[in-house]
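Written out below as structure tokens is the structure these notes cover.
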Amino acid sequence: MQPGKGRGIVREAAAKLNKGTTGMKYCSNCGADLDHRIPDGEDRLRYVCDTCDNIHYQNPKMVVGTVPRWEDKILLCRRAIAPRYGFWTLPAGYLENGETTARGARRETFEETGARLGELTPFALFDMVFVGEIYYMFTADMVSPEFHVTDESLEVALFTEEQIPWGEIAFDVIEKTLRCWFEDLKTGRLRFHTGEIERGRKFF
Ligand code: ZN
0 MQPGKGRGIV REAAAKLNKG TTGMKYCSNC GADLDHRIPD GEDRLRYVCD TCDNIHYQNP
60 KMVVGTVPRW EDKILLCRRA IAPRYGFWTL PAGYLENGET TARGARRETF EETGARLGEL
120 TPFALFDMVF VGEIYYMFTA DMVSPEFHVT DESLEVALFT EEQIPWGEIA FDVIEKTLRC
180 WFEDLKTGRL RFHTGEIERG RKFF
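Note that numbering that gives the first Met the number 0 has the sequence shown beginning at 0, numbered continuously upward.
Okay, here's the thing in structure tokens:
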């Protein structure tokens, strides 16, 4: 084997394990330049600071959201922010430190739609390895059919399955969640759904 070649193969394999990580240039602890390498005893690339010896671990982010229900309709909002500006989605966003998944989902729902929810029931957990995100979705009845446009939404509206603008849904993970929800509505039994959403791979 040529010198350094083995290490190159290891780096390539490690890069595959690093999907979803974002580039870092400087140490957030001391401001020094960071090195991007595989630390001793590990198997994947990390951002390493040789000045303060910090290793900046990056892990998947959790997105929490809801399928808000009013009678046979669900509430969607039209995104007022990039990416996918103008496309329809369920209320969802990043979980904040210091909040439970249910509180985060409730907060995101109110921030994006102004809707207030009753009890939240866990509905789906989807892995999105290619972007380093995990979607954890709840479903809940709205306490009233009241909602409004917010800074984050161009439009908020209730839809039956037939009314949903299927061609204008922002993300595959949202379309998958909606399909599962309406399937369960037909069977009259809500199940908990799991699976992996891959980039651009429609599996429904
Ligand atoms: Zn540092």
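We put the CB at the ideal spot given by N, CA and C, even for glycine.
Please return the same chain residues whose Cβ sits closer than 6 angstroms to the Cβ of M0, not counting the five positions on each side in sequence.
Its pLDDT being 43, under 50, M0 is placed unreliably in this model, and the coordinates cannot settle the point.
Using three-state DSSP, classify G166 as helix, strand or coil.
helix
First and last residue of the uninterrupted beta strand (DSSP E) at I73:
72 to 78
Check each candidate in C48, E197, C29 and name the one with the smallest Cα separation from P38.
C48
Determine, using beta carbons only, whether T100 and L74 come nearer to each other than 8 angstroms.
no
Excluding five sequence neighbours on each side, which residues of the same chain lie with their C-beta closer than 6 angstroms to the C-beta of K4?
Low local confidence applies: a pLDDT of 49 at K4 is under 50, so the model's placement there is unreliable, and no value is given.
Would L116 and A139 be called neighbours here (beta carbons separated by less than 8 angstroms)?
yes
CA-CA distance, G103 and G64?
8 angstroms
Around the C-beta of E107, are 16 or more other C-beta atoms found within 10 angstroms, so that it is buried, or is it exposed?
buried
Taking 8 angstroms as the cut-off, does the region 172 to 185 touch the region 125 to 138 (at least 3 CB pairs, one atom from each stretch)?
yes
Check whether the Cβ atoms of D32 and Y25 sit closer than 8 angstroms, and answer yes or no.
yes
Roughly how many whole angstroms lie between the Cα atoms of E98 and E132?
17 angstroms
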